[in-house]
Amino acid sequence: MSLPALIAPGGAPRTSRGRRRPAAERGEVNILVAGLVPALIIAIGLVVDGGGQLQAADEAQYAAEQAARAGAQEQDNRAAQYGLPPALVPEAAAAAAEAHLAAAGVTGRVDYVEGATIGVSTTVTHETKFLALIGISSLSAEGSADARAVRGITEEGS
1 MSLPALIAPG GAPRTSRGRR RPAAERGEVN ILVAGLVPAL IIAIGLVVDG GGQLQAADEA
61 QYAAEQAARA GAQEQDNRAA QYGLPPALVP EAAAAAAEAH LAAAGVTGRV DYVEGATIGV
121 STTVTHETKF LALIGISSLS AEGSADARAV RGITEEGS
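Going by the UniProt record's numbering, the first residue of the sequence shown is number 1, and it counts up by one from there.
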């Protein structure tokens, strides 16, 4: 059947079997597809990029914990020699934590060093893959941890 045979004299398209297609049925699939494609992109983006943000949150938390532990290793040895409670050397503890963050490639900072405790905060950014199509180019996740120097194995010493 040639192309002109598929168009009825009134201009209404015909099906491949020569029957006229009702006017109410034309274009419905296109409207449905146009509405579903953005919704599917957003749904896939929430799954894929949401999972990426959760992974970034885990990475940020882990980096903060490890940096705080590294800082808590910088104890004042003089205090231990005289039987005093554990204490950190503030400058050395902060430098050790920041060096650990730099080695891990994570953005972060030392929040405080007080007595035997150090606090660290981190931020990890996930570059989106699907959500970038709707203008969300990155998602951030934060982590924070505290570590305290202690003495003793089975129970904390004073």
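Even glycine gets a Cβ: it sits at the ideal position worked out from N, Cα and C.
- Taking all protein chains in view, the Cβ of Leu88 is crowded by 16 or more other Cβ atoms within 10 Å, so the residue is classified as buried.
- In the DSSP assignment, Leu88 falls outside any alpha helix (DSSP H), carrying neither H nor E.
- Counting only the Cα atoms, Thr123 lies some 29 Å from Leu40.
- Here the alpha carbon of Ala70 sits roughly 15 Å from the alpha carbon of Gly115.
- Where Arg148 is concerned, the enclosing beta strand (DSSP E) starts and stops at 138-148.
- Residue nearest to Gly51 within the set Arg78, Leu131, Gly143, Glu91 is Leu131 (criterion: CA-CA distance).
- It is roughly 17 Å from the alpha-carbon of Ala34 to the alpha-carbon of Gly45.
- Inter-residue distance for Glu142 and Ala60 is about 6 Å (C-alpha atoms, whole angstroms).
- Classified as exposed, Gly152 has fewer than 16 neighbouring CB atoms from the shown chains inside 10 Å of its CB.
- When DSSP states are grouped into helix, strand and coil, Arg109 belongs to the strand group.
- For the pair Ala97 and Val120, the CB atoms are nearer than the 9 Å cut-off.
- For Ile118 against Ala72, the beta-carbon gap comes to about 6 Å, under 8 Å, which counts as contact.
- Counting only residues of its own chain and dropping the five nearest sequence neighbours on each side, His126 has a CB closer than 8 Å to the CB of Asp49, Gly52, Gln53, Gln55, Ala56, Ser138, Leu139, Ser140, Ala141.
- If you draw a straight line from the Cα of Ala64 to the Cα of Val37, it is about 39 Å long.
- Residue burial is scored here from C-beta neighbours: Gly108 has at least 16 other C-beta atoms within 10 angstroms and is therefore classed as buried.
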